[in-house]
């Protein structure tokens, strides 16, 4: 297994990007030069004073996706203030230090050939997708065409929209759905995805989905991917005390691999899952086996 | 190299330093070896091993509380056979001092586990988990009954010559009688304490946060109570004690040693600060140097009351 690097990372910048959301820039070269799209880091949200002990409250670190890696030195973290930890993190100022460790978890996979990739972020679930989009269009990594990378952001309203400019500068497609219709598609981002898939499904172009966001959204995306028979990778957020496989706290219910019933169609055998009461299930850890999971294996309750 | 002797002798068990990682907070070692070499530790106590693999409890399994956390993992583990086949070889290779924590539903199963594991090389000792608050059968029931504790220890003692630590529950009225039962049964030391039975409420959903309703509280929040219990047992029995309960840094470890702990286990701290066990070893070394102590063991029970 690869080493974990732990350091007191210097805050280089903290920028408000939308109502209640920020991008925190941390100098963490050991992690930045190794971390891959989909992986995450643990951040102790309370400022760390040099030579002083850790504060005990809030106690646990919080897991964060990497929004963007800059010059193999800097990690940009896109986050929303949701509780005691992120409230503290939002107070961190340039020059402060936060204890971090990583890289942690598994990675997104890249398409083997030219494909259309939908990257769907529900609110702050957009976080891992700049780094992924950048990797997908990198001629050395994902080898995809810019126009085939389509990022969909679901937001409550126009005040909750962030990072639009950065994605557009990158050259990938970026579309917005708002619950109240104050910008872009009116409705959930899942509705926007379905509309786009219906429009492209007769074009015979291979398509895949990556998604991250609130559980109800992920559940619907998972169903959509099943309906359209598309590969789908989902990044799961869970209560995660340790982040590196020692506490067993971040259990995720999954189907035991290879179970279900087989269906032959167009000379292709596909494995369909049986209802949750019938198939053997087990618990995987979001921090070690994930955070990126194949949607087919996940059990939604 | 420092000339301070950090080694401790817990009954027949000799450790290079008094800092172990606690059961259930170190898995089977591979993960923490990504942070530091396992042979730096006094010992690694494995996640509880049961006769058969266990899936563990449904989520939510964990929740943070003020200066602490609750967990209800439910002894998820690979079972003794897979442990011997797939996990132990790594630990042997890493040259870790391995204490295997064992748990069971039936009293006689502890002895079977010890018998099976005693056939393997590379095990320094056993820790008997007679105190898990998160499993329906066995677990806490055993840990709150002095007779059961003595019977479990006696059964294991018959099967092994390896050192035995018995990890006790703090969820009892009289911790001294539980420790006495373990020592009378043939335990070489007691590990004090496991987590405190606790719960957390989600007011929005009017539901408990944890799927199993209750869980075990750990972290700095429990440290003062753990210290008190160790002090009570040390005062009454003067037996070897391994102190556990919210130890975050070397200062905390010193407090545990002064009230009577011969060694300590670091648990929740490894979630917060993966390097915590190493920092504690370093901190104890520099304390001993500053105080001009040749042997750290001299601190044990040194509290002036």
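Residue numbers (the numbering used here), protein chains in the order written: chain A, 3 to 303; chain B, 3 to 307. A virtual CB, placed ideally from N, CA and C, is assigned to each residue, including glycine. Keep in mind that this is a model prediction, so the values were computed, not measured.
Residues in the same chain with beta-carbon distance under 7 Å from residue i, minus the five sequence neighbours each way, listed in chain order, please.
{"i": "residue 78(B)", "result": "56, 57, 58"}
{"i": "residue 223(B)", "result": "67, 68, 69, 70, 248"}
Grab me the residues of residue i's own chain with a C-beta within less than 8 Å of its C-beta, minus the 5 sequence neighbours each way, in chain order.
{"i": "residue 195(A)", "result": "120, 122, 154, 211, 223, 226"}
{"i": "residue 286(B)", "result": "8, 19, 20, 21, 252, 255, 256, 298"}
{"i": "residue 14(A)", "result": "27, 28, 29, 76, 96"}
{"i": "residue 152(B)", "result": "183, 184, 186, 187"}
Where DSSP assigns a beta bridge to residue i, which residues make up the other side?
{"i": "residue 71(B)", "result": "66(B), 220(B)"}
{"i": "residue 2(B)", "result": "Look at the range of chain B in this structure, 3 to 307, and you will see that residue 2(B) is not part of it."}
{"i": "residue 119(A)", "result": "151(A), 210(A)"}
{"i": "residue 172(B)", "result": "BP columns for residue 172(B) are empty, so no partner."}
{"i": "residue 27(A)", "result": "15(A), 78(A)"}
{"i": "residue 66(A)", "result": "43(A)"}
{"i": "residue 131(B)", "result": "169(B)"}
{"i": "residue 186(A)", "result": "179(A)"}
{"i": "residue 103(B)", "result": "129(B)"}
{"i": "residue 284(A)", "result": "256(A)"}
Looking only at its chain, what residues have a beta carbon closer than 6 Å to the beta carbon of residue i, apart from the 5 residues adjacent to it on each side?
{"i": "residue 162(B)", "result": "116, 120"}
{"i": "residue 187(A)", "result": "179, 194"}
{"i": "residue 28(B)", "result": "34, 46"}
{"i": "residue 216(B)", "result": "199, 201"}
{"i": "residue 30(B)", "result": "48, 89"}
{"i": "residue 146(A)", "result": "138, 139"}
{"i": "residue 241(B)", "result": "185"}
{"i": "residue 196(B)", "result": "133, 169, 171"}
{"i": "residue 297(A)", "result": "224, 227, 234, 236"}
{"i": "residue 303(B)", "result": "236, 262"}
{"i": "residue 164(A)", "result": "19, 20, 23"}
Name the chain B residues whose beta carbon is nearer than 7 Å to that of residue i?
{"i": "residue 56(A)", "result": "250, 274, 275"}
{"i": "residue 3(A)", "result": "32, 36"}
{"i": "residue 285(A)", "result": "57, 58, 78"}
{"i": "residue 59(A)", "result": "68, 69"}
{"i": "residue 103(A)", "result": "276"}
How big is the Cα-Cα spacing for residue i and residue j?
{"i": "residue 62(B)", "j": "residue 277(B)", "result": "27 Å"}
{"i": "residue 215(A)", "j": "residue 135(A)", "result": "16 Å"}
{"i": "residue 74(B)", "j": "residue 173(A)", "result": "46 Å"}
{"i": "residue 278(A)", "j": "residue 291(A)", "result": "Residue placement at residue 278(A) is flagged as unreliable, the pLDDT there being 48, under the threshold of 50; the coordinate-derived value follows with that caveat. Those two C-alpha atoms are separated by around 20 Å."}
{"i": "residue 179(B)", "j": "residue 6(A)", "result": "43 Å"}
{"i": "residue 114(B)", "j": "residue 123(B)", "result": "17 Å"}
{"i": "residue 64(A)", "j": "residue 269(A)", "result": "46 Å"}
{"i": "residue 22(A)", "j": "residue 53(A)", "result": "32 Å"}
{"i": "residue 164(B)", "j": "residue 190(B)", "result": "9 Å"}
{"i": "residue 8(A)", "j": "residue 244(A)", "result": "13 Å"}
{"i": "residue 231(B)", "j": "residue 91(B)", "result": "36 Å"}
{"i": "residue 244(B)", "j": "residue 253(A)", "result": "30 Å"}
{"i": "residue 189(A)", "j": "residue 173(B)", "result": "51 Å"}
{"i": "residue 308(A)", "j": "residue 132(A)", "result": "This structure cannot speak to residue 308(A), because chain A is shown only from 3 to 303."}
{"i": "residue 81(B)", "j": "residue 248(B)", "result": "28 Å"}
{"i": "residue 300(A)", "j": "residue 269(B)", "result": "30 Å"}
{"i": "residue 207(A)", "j": "residue 115(A)", "result": "11 Å"}
{"i": "residue 198(A)", "j": "residue 185(A)", "result": "17 Å"}
Which term fits residue i, buried or exposed, when burial requires 16 or more other beta carbons within 10 angstroms of its beta carbon?
{"i": "residue 1(A)", "result": "Residue numbering for chain A in the displayed model covers 3 to 303; residue 1(A) lies beyond these limits and cannot be assessed."}
{"i": "residue 220(B)", "result": "buried"}
{"i": "residue 204(B)", "result": "exposed"}
{"i": "residue 5(B)", "result": "exposed"}
{"i": "residue 40(A)", "result": "buried"}
{"i": "residue 16(B)", "result": "exposed"}
{"i": "residue 24(B)", "result": "buried"}
{"i": "residue 181(B)", "result": "buried"}
{"i": "residue 293(A)", "result": "buried"}
{"i": "residue 225(B)", "result": "buried"}
{"i": "residue 306(B)", "result": "exposed"}
{"i": "residue 44(A)", "result": "buried"}
{"i": "residue 175(B)", "result": "exposed"}
{"i": "residue 279(B)", "result": "buried"}
{"i": "residue 250(B)", "result": "buried"}
{"i": "residue 239(A)", "result": "buried"}
At a CB-CB cut-off below 8 Å, which residues of chain A make contact with residue i?
{"i": "residue 73(B)", "result": "243, 249, 251"}
{"i": "residue 28(B)", "result": "248"}
{"i": "residue 247(B)", "result": "Within 8 Å Cβ-Cβ: nothing; residue 247(B) doesn't reach chain A, min ~13 Å."}
{"i": "residue 207(B)", "result": "Within chain A, no residue comes near residue 207(B); the closest Cβ sits about 14 Å away, beyond 8 Å."}
Output, in chain order, the set of chain B residues within a Cβ distance shorter than 8 Å of residue i.
{"i": "residue 62(A)", "result": "66, 71, 273, 274"}
{"i": "residue 6(A)", "result": "36, 37, 276"}
{"i": "residue 108(A)", "result": "The premise fails here: residue 108(A) is roughly 14 Å from chain B at the closest Cβ pair, so nothing lies under 8 Å."}
If the cut is a Cβ gap below 9 Å, which residues of chain B does residue i touch?
{"i": "residue 46(A)", "result": "274, 275"}
Please list the partners that residue i has in chain A, where partner means a Cβ-to-Cβ separation under 9 Å.
{"i": "residue 221(B)", "result": "58, 61, 62"}
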